[in-house]
Amino acid sequence: MANEAKYVVELTSGERSQIKQMLSKGKAAAYKQRHGRILLLADQGPHGGKKMSDSAIAQALACGQATVERIRKRFVLEGFDAALGRKNRTNYRRKIDGKAEARLIALTCSEVPDGYDRWTLRLLADKMVELKIVDSCGKDTVHRTLKKNEIKAWLKNRNRQANNIDWRFTTEDARIKLKKLYQSID
4 MANEAKYVVE LTSGERSQIK QMLSKGKAAA YKQRHGRILL LADQGPHGGK
54 KMSDSAIAQA LACGQATVER IRKRFVLEGF DAALGRKNRT NYRRKIDGKA
104 EARLIALTCS EVPDGYDRWT LRLLADKMVE LKIVDSCGKD TVHRTLKKNE
154 IKAWLKNRNR QANNIDWRFT TEDARIKLKK LYQSID
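Quick look at the structure:
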């Protein structure tokens, strides 16, 4: 109840009609619809209905009381649009960027350390931290990166073969290809 006194939701008639229109169409994301319903039930303005506690709103909408408190707080502090939307993630930073990804692939294609038969995801993650390629890294991050590049750490021969392929297309290769396509030209 302390949060209800601190963060009082008072919707304008325009905001109420915008929420009702969004709910009647039913095309908005489910979280936006839920946030809109929370705001409608929490509204204590002149157009609002009866006052409901956070726990009553949470029970009526089958969501957590903390969700109701969070939406109420976000509406008061950040505004209407922020309350309907999701909070932006600001702390997201990729652990393995392009440079580290290239070094991981090279490490996967290299020789396995003594005492091991093959590279494991955990061994690769530990080796990347040991070589100071990244500060910290888990086996799942390594797995995602290798899967994206279609590399399997346990297939030694395949990885070495892929590493030794010369992908350059030379003039001689072009002549051979042209002779096959255009046999009348010599």
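For the sequence shown, the numbering used here begins at 4 and goes up steadily by one.
We put the CB at the ideal spot given by N, CA and C, even for glycine.
All figures in this text were calculated on a predicted structure; none of them were measured in a lab.
Opposing strand residues paired with residue i [DSSP bridges]
| i | result |
| --- | --- |
| aspartate 46 | Val12 |
Check whether residue i and residue j have beta carbons under 9 angstroms apart
| i | j | result |
| --- | --- | --- |
| isoleucine 154 | isoleucine 99 | no |
| glutamate 114 | threonine 148 | no |
| leucine 124 | aspartate 143 | yes |
| glycine 39 | isoleucine 22 | yes |
| tyrosine 10 | glutamate 72 | yes |
| tyrosine 34 | arginine 89 | yes |
| histidine 50 | serine 27 | no |
Neighbourhood of residue i by C-beta distance below 8 angstroms, restricted to the same chain and skipping five residues each side
| i | result |
| --- | --- |
| methionine 55 | Leu44, Ala45 and Ala63 |
| alanine 5 | Residue placement at alanine 5 is flagged as unreliable, the pLDDT there being 47, under the threshold of 50; a coordinate-derived value is accordingly withheld. |
Residues near residue i by beta carbon distance below 7 angstroms, same chain, minus five either side
| i | result |
| --- | --- |
| arginine 77 | Ala85 and Ala86 |
| arginine 37 | Leu64 and Cys66 |
| serine 139 | Val132 |
| isoleucine 179 | none |
Residue range of the alpha helix (DSSP H) that includes residue i
| i | result |
| --- | --- |
| glutamate 114 | Run containing glutamate 114: none; DSSP gives neither H nor E here. |
| threonine 174 | 174-184 |
| arginine 75 | 68-81 |
| lysine 151 | 142-151 |
| aspartate 57 | 57-64 |
| leucine 127 | 124-133 |
Contacting residues, own chain, Cβ-Cβ under 6 angstroms from residue i (five flanking each side not counted)
| i | result |
| --- | --- |
| glutamate 194 | Not covered by the structure: residue 194. The range shown for the chain is 4 to 189. |
| valine 79 | Tyr10 |
| isoleucine 136 | Ala103 and Arg106 |
| arginine 75 | Tyr10, Val12 and Ala45 |
| tyrosine 185 | none |
Query raised in the report: Can at least three beta-carbon pairs, one atom from the segment 41-53 and one from the segment 88-98, be found at a separation below 8 angstroms?
Result: no
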